[in-house]
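To convert, note that position 129 of the sequence shown is 129 in my numbering; the numbers rise steadily by one, no gaps.
Comments concern the structure below.
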Amino acid sequence: MIDHHDDLQELRDQLKLHQARLEEAQAVANMGSWETDLETLQTTWSLQTHRIFGTDPATFQPSHLSFLEFVHPADRQAVDEAFRSSHKDATPSTIEHRLLLPDGQLKTVEERWQTFFDQEGRAVRAVGVCQEISQRKAAQEALLRNETMLRIAGRFARMGGWEVDLESATVWWSEETCSIHEAPPGTSPGLQEALEYYAPEHRERVRSLVQATIFHGLGLDFEAELITATGKRVWVRAVGEAVRDAQG
């Protein structure tokens with residue numbers, strides 16, 4: 001005799017375990033899931049989505065309209081338009097926007113979702129994920145500020161950065177280094193071409209010093225005269241060091 005009750009209970013236990021593991025994974029990634037009924041605009045949020053929005057799943061019933069109230073006023077129209085325009089086809093959609101929570105807390109999230117259609121071709125539901133990226137966004141903005149400050153400082157000090165990729169033998173120049181060489185921004189010469197900017201009487205010494213850094217790890221620090229792209233002679237100081245991988 002088959003006990004269907006035991007089979008059903010085992011299935012329920014497996015489902016609970018799967019749900020618990022999914023919630024744990026979402027908490028680790030700070031990523032919640034959601035699903036919206038496109039006829040009623042009622043929405044289901046996972047536990048992590050409620051955490052991101054600071055809502056109580058026992059008392060808060062999400063919908064597309066209540067979701068929009070959490071979106072920063074400056075981003076709200078763009079988010080709503082992106083969501084509604086995504087109902088035209090099943091192409092996955094992505095948008096990054098800010099949340100302004102009732103307590104004044106500001107968060108940045110990335111939404112990814114896809115629209116699903118019934119057999120008659122009607123858009124019936126949207127399924128997606130919401131990931132908080134506040135820390136990543138803050139790090140990106142801080143990096144941008146630092147790069148801006150470094151670029152301004154380099155411009156005033158006439159100090160530029162450079163990097164040599166030894167595998168491709170290409171050289172990266174910062175904006176100010178390009179300016180010093182009177183070369184267009186974004187110029188990325190080959191190593192040999194970069195060395196040829198130095199005046200002929202300095203070229204061999206510079207080349208041997210660069211090779212000593214590459215092959216022997218010696219610090220690079222020299223002064224030499226280079227000839228810019230327009231033919232102007234300028235004295236520069238170059239300072240650098242070799243960066244080695246785990247194999248040396």
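Every residue, glycine too, gets a C-beta built ideally from N, C-alpha and C.
Should the stretch 68 to 79 be regarded as contacting the stretch 40 to 51, the criterion being three or more beta carbon pairs within less than 8 Å?
no
Distance, Cα to Cα, Val210 vs Gln247?
Taking the first residue of the sequence shown as position 1, residue 210 is located at position 210. Taking the first residue of the sequence shown as position 1, residue 247 is located at position 247. Rounded to the nearest angstrom, the two C-alpha atoms are 20 Å apart.
Going by C-alpha to C-alpha distance, which of Glu167, Phe215, Tyr197 sits closest to Arg233?
Residue numbering aside, residue 233 sits at position 233 when the sequence shown is read from its first letter. Minimum Cα distance to Arg233 is reached at Tyr197.
Report the option in Gly190, Leu226, Thr187, Thr230 whose CA atom is closest to the CA atom of Val206.
Position 206 of the sequence shown, counted from the start, is the residue given in the question as residue 206. Comparing Cα positions, the closest option is Leu226.
Identify which residue in Ala82, Phe60, Leu99 has its Cα closest to the Cα of Glu70.
To locate residue 70, count along the sequence shown from 1; it is residue 70. At residue 70 the sequence reads Phe, which differs from the Glu that was named. That would be Leu99, whose Cα lies nearest to the Cα of Phe70.
Taking the alpha carbon of Asp118 as the point to measure from, which residue in Thr187, Ser33, Leu220, Lys88 has its own alpha carbon closest?
Reading the sequence shown from its first residue, position 118 is the one you call residue 118. Residue Lys88 is the option with its Cα nearest to Asp118.
Label Pro62 either buried or exposed according to how many other C-beta atoms from any shown protein chain fall within 10 Å of its C-beta, with 16 as the threshold for buried.
In the sequence shown, counting from the first residue as 1, residue 62 sits at position 62. With 16 or more other Cβ atoms within 10 Å, it is buried.
Element boundaries [beta strand (DSSP E), containing Leu100]
Position 100 of the sequence shown, counted from the first residue, corresponds to residue 100. Run containing Leu100: 93 to 100, per the beta strand (DSSP E) assignment.
Would you check if the stretch 125 to 133 and the stretch 160 to 173 touch, i.e. whether three or more CB-CB distances between them fall below 8 Å?
no
Just to confirm, is the Cβ distance from Thr108 to His97 under 9 Å?
Working through the sequence shown from its first residue, we reach residue 108 at position 108. Working through the sequence shown from its first residue, we reach residue 97 at position 97. For Thr108 and His97, yes; Cβs fall inside 9 Å.
Would you list the residues sitting across from Val243 in a DSSP beta bridge?
Here residue 243 refers to the residue found at position 243 of the sequence shown. Paired residues: none, contrary to the question.
For Trp235, count neighbouring C-beta atoms within 10 Å of its own C-beta (all shown protein chains included) and say buried if the count is 16 or more, exposed if not.
On the sequence shown, residue 235 is found 235 positions in, with the first residue counted as 1. Classification for Trp235: exposed.
Length at least 3, wholly inside the stretch 168 to 245: the beta strand (DSSP E) runs in chain order:
170 to 173, 220 to 227, 233 to 240
Using a Cβ-based criterion (distance less than 8 Å to any ligand heavy atom), does Leu226 qualify as near the ligand FAD?
No copy of the ligand FAD appears in this structure; indeed no ligand is present at all.
Here's a check: name, in chain order, each residue in its chain whose Cβ is nearer than 8 Å to the Cβ of Ser188, leaving out the five neighbours to either side.
Your numbering for residue 188 matches position 188 in the sequence shown. Counting only Cβ-Cβ distances below 8 Å, and skipping sequence neighbours, we find Thr170, Val171, Trp172, Trp173.
Best match in Ala123, Glu120, Arg122, Glu110 for proximity to Arg136 [C-alpha to C-alpha]
Translated into the one-based positions of the sequence shown, residue 136 becomes position 136. When each option's Cα is compared against that of Arg136, the closest is Glu110.
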